[in-house]
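Position one of the sequence shown corresponds to residue 0 (numbering that gives the first Met the number 0), numbered consecutively onward.
Each residue gets a CB set at the ideal place from its N, CA and C atoms; glycine is no exception.
Small disclaimer: the values here were computed from a predicted structure and weren't measured.
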Amino acid sequence: MNKSVRDIDTAAAAHSSASAEEMRAAMANFATGVAVVTTCDTDGTPYGVTINSFNSVSLDPPLVLWSLGLSAWSLPVFRRAEGFVVNVLGEDQTDLCKLFASREENRFDRVAWHAGPLGLPLLDGALARFACNFWARYPGGDHEIMVGRVLSCDLGAGRPLVYCQGRLGAAVP
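Here it is, written out as structure tokens:
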């Protein structure tokens with residue numbers, strides 16, 4: 000059942016929470032960009048995961064944040080890492096998005112990438128890349144919030160890949 004803002008009983012809402020299903024359904028209407036966050040484990044093995052929870056926090060100092068589910072297989076790797084790269088995907092990178100959203104092994108054998116100045120994996124063809132050192136990590140319910148200080152960033156060209164209502168597509172300004 001759809002509720003308008005007028006239909007919400009704010010007194011009752013102060014003592015309850017939206018269900019996970021309600022939250023997921025409502026958030027599906029918020030279009031987000033899509034990125035792959037990459038890092039290296041302590042032995043130098045590259046890792047990456049698809050996210051759509053990325054945003055700017057501060058310009059001075061330059062900070063960004065993203066979040067990762069506590070049940071994510073890659074969480075221990077990101078907890079051990081000193082830094083990461085947010086690779087913002089373009090509209091032609093749907094396959095890359097799906098690959099890094101999967102649990103498929105040897106993902107980096109199937110994509111074009113190179114090690115950046117910090118030794119972290121940079122995905123070729125990304126619309127933008129933000130190389131970061133970890134600034135802080137915070138608990139956030141069933142996710143961990145990762146904040147990074149941006150050490151360098153670069154820009155590509157093209158239109159971004161977006162995720163909305165359970166579908167991937169191109170942003171049309």
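Item	Value
Would you kindly report the start and end of the unbroken beta strand (DSSP E) that includes residue 129?	127–139
One question on the structure: do residue 107 and residue 38 come within less than 7 Å of each other, judged by their Cβ atoms?	no
Measure from the alpha carbon of residue 44 to the alpha carbon of each residue in 22, 86, 77, then state which is nearest.	77
Quick check on residue 76: does DSSP put it in helix, strand or coil?	helix
Could you pull out every residue in the same chain whose Cβ sits closer than 8 Å to the Cβ of residue 169, ignoring the five residues on either side in sequence?	90, 158, 159, 160, 161
Rounded C-beta distance between residue 133 and residue 81? I'm assuming under 8 Å.	6 Å
Identify whether residue 117 lies in helix, strand or coil by the three-state DSSP scheme.	coil
Could you pull out every residue in the same chain whose Cβ sits closer than 7 Å to the Cβ of residue 61, ignoring the five residues on either side in sequence?	148, 149
What does residue 38 pair with, by DSSP beta-bridge criteria?	46
From 88, 48, 111, pick the residue whose C-alpha is nearest to that of residue 73; which is it?	48
Tell me which residue opens and which closes the beta strand (DSSP E) that residue 94 is part of.	Looking at the DSSP string, residue 94 is not in any beta strand (DSSP E); the run it does join, the alpha helix (DSSP H), is 93–100.
For the beta strand (DSSP E) holding residue 143, just list the boundary residues, first then last.	142–154
In whole angstroms, give me the CA-to-CA distance for residue 26 and residue 145.	20 Å
Would you kindly report the start and end of the unbroken alpha helix (DSSP H) that includes residue 17?	Note, residue 17: premise wrong, no alpha helix (DSSP H); not H, not E.
In this structure, how does DSSP classify residue 24 when only helix, strand and coil are distinguished?	helix
Report yes if the CB atom of residue 165 is closer than 7 Å to the CB atom of residue 125, and no otherwise.	no
Residues in its own chain within less than 7 Å of residue 92 by CB, not counting five upstream and five downstream?	124, 160
Could you tell me the distance, in whole angstroms, from the CA atom of residue 18 to the CA atom of residue 79?	32 Å
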